[in-house]
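Undergrad:
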Amino acid sequence: MTAAGVKLREATAMDAAQIADVHVEAWQATYPGLLPDRYLASLSPASQAERWREAIARGRRGEVLVATAEGSGVIGFVNWGETRGRKAPQPAEIYAIYVAPDWQDQGIGRDLLKAAFEEMAAAGYGGALLWVLASNPARFFYEAMGGTAVGSRRERFAGTELEETAYAWPDLFTWLSAWR
Ligand SMILES: CC(C)(COP(=O)(O)OP(=O)(O)OC[C@H]1O[C@@H](n2cnc3c(N)ncnc32)[C@H](O)[C@@H]1OP(=O)(O)O)[C@@H](O)C(=O)NCCC(=O)NCCS
């Protein structure tokens, strides 16, 4: 169950700076040892805010959702859209899902993922996938959420080669009816 007082809603341009803060905070807490320290230290909330402002302006309705808490503002977010890169059987992709470190393990990630799947299903997308660093313990969150590992790839990122795993939810409508 989600923490008391936490609400989910569509993001607006006004949320971009707070989304960027959560994004940078979560990256710096999650990726030491997985991504180069120099890259993590260089992440700037101001430039991330600009990217989020553009993503919110560019995206369709419901593609960026935020979790907010009274007195704390944005404490988590999810961003999805059409599947990028090579053709995959799943037409929609979770591009990013992050919960601020102090708010993890309270059901907020689950609610954000479910809300994104509801938006995908409402937009007519029947299946979803996402890519996660193979060494990121978040992969167990996706397994707890019913995702199945369906592929892997090696990507160059921030000057280093990374192993990523794809998790898929092939039938969102069945998943949503089971999780309601
Ligand atoms: C991964 C993340 C989005 C999950 O959100 P969360 O709010 O912490 O997770 P929830 O509390 O909703 O967890 C839902 C379920 O997943 C399980 N779970 C969550 N993280 C887990 C982990 N690392 N390992 C194993 N299980 C996990 C929970 O125990 C819970 O199980 P339950 O239903 O049996 O109680 C969040 O922890 C996060 O932002 N992590 C850091 C950044 C990151 O790695 N993001 C993903 C990038 S691909």
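What the sequence shown shows, in our numbering, is residues 3 to 182, in sequence order.
Note that the Cβ used here is the ideal one computed from N, Cα and C, for glycine as well.
Since the structure is predicted, the reported quantities are computational estimates derived from the model, not experimental observations.
Just curious, the beta strand (DSSP E) that LYS9 is in, first and last residue?
TA: Where LYS9 is concerned, the enclosing beta strand (DSSP E) stretches over 8-12.
Undergrad: Considering only heavy atoms of ligand 1 and the C-beta of each residue, which residues fall inside 6 Å, strictly closer?
TA: Listed by chain position, these are ALA28, THR32, ILE99, TYR100, VAL101, GLN106, ASP107, GLN108, GLY109, ILE110, GLY111, ARG112, VAL134, ASN138, PRO139, ALA140, PHE142, PHE143, ALA146.
Undergrad: Near VAL152, which residues of its chain fall below 6 Å by C-beta distance, leaving aside the five closest residues on each side in sequence?
TA: Cβ within range, chain order: ALA168, ALA170.
Undergrad: From which residue to which residue does the alpha helix (DSSP H) around SER179 run?
TA: 174-181 is the span of the alpha helix (DSSP H), which, as asked, contains SER179.
Undergrad: Measure the C-alpha to C-alpha separation of GLY61 and ALA18 and round it to an integer number of angstroms.
TA: Roughly 13 Å between the two C-alpha positions.
Undergrad: Going along the chain, which unbroken runs of the alpha helix (DSSP H) with 4 or more residues stay wholly within the segment 97-128?
TA: Qualifying alpha helix (DSSP H) stretches, in chain order: 110-124.
Undergrad: Once the 5 residues before and after ARG53 are set aside, which same chain residues still bring their CB inside 8 Å of it?
TA: ALA22.
Undergrad: Could you tell me the alpha carbon to alpha carbon distance between GLY78 and ALA69, rounded to whole angstroms?
TA: Approximately 5 Å, taken between the alpha carbons.
Undergrad: For ALA72, tell me which candidate among LEU164, GLU163, ARG86, GLY7 has the shortest Cα-Cα distance.
TA: This sequence places Glu at residue 72; Ala is not what is there. Comparing Cα positions, the closest option is GLY7.
Undergrad: Decide if ASP107 is buried, meaning its Cβ has at least 16 other Cβ atoms within 10 Å, or exposed.
TA: Exposed: under 16 other Cβ atoms inside 10 Å.
Undergrad: Taking only the alpha-carbon atoms, compute the straight-line gap between SER1 and ARG112 and give it to the nearest angstrom.
TA: Given a span of 3 to 182 for the chain in the structure shown, any question on residue 1 remains unanswerable.
Undergrad: Taking the alpha-carbon of LYS89 as reference, which of ARG63, SER49, LEU131 has the nearest alpha-carbon?
TA: Nearest C-alpha to LYS89: LEU131.
Undergrad: MET122 to ALA28, Cα distance in whole Å?
TA: If you take the alpha carbons of MET122 and ALA28, they lie about 25 Å apart.
Undergrad: Can you tell me whether PHE159 is buried or exposed? The criterion is at least 16 other CB atoms within 10 Å of its CB, across all chains shown.
TA: Per the 10 Å Cβ criterion, exposed.
Undergrad: In angstroms, rounded to a whole number, what distance separates the CA positions of ARG155 and VAL80?
TA: Taking the straight line joining both Cα atoms gives about 22 Å.
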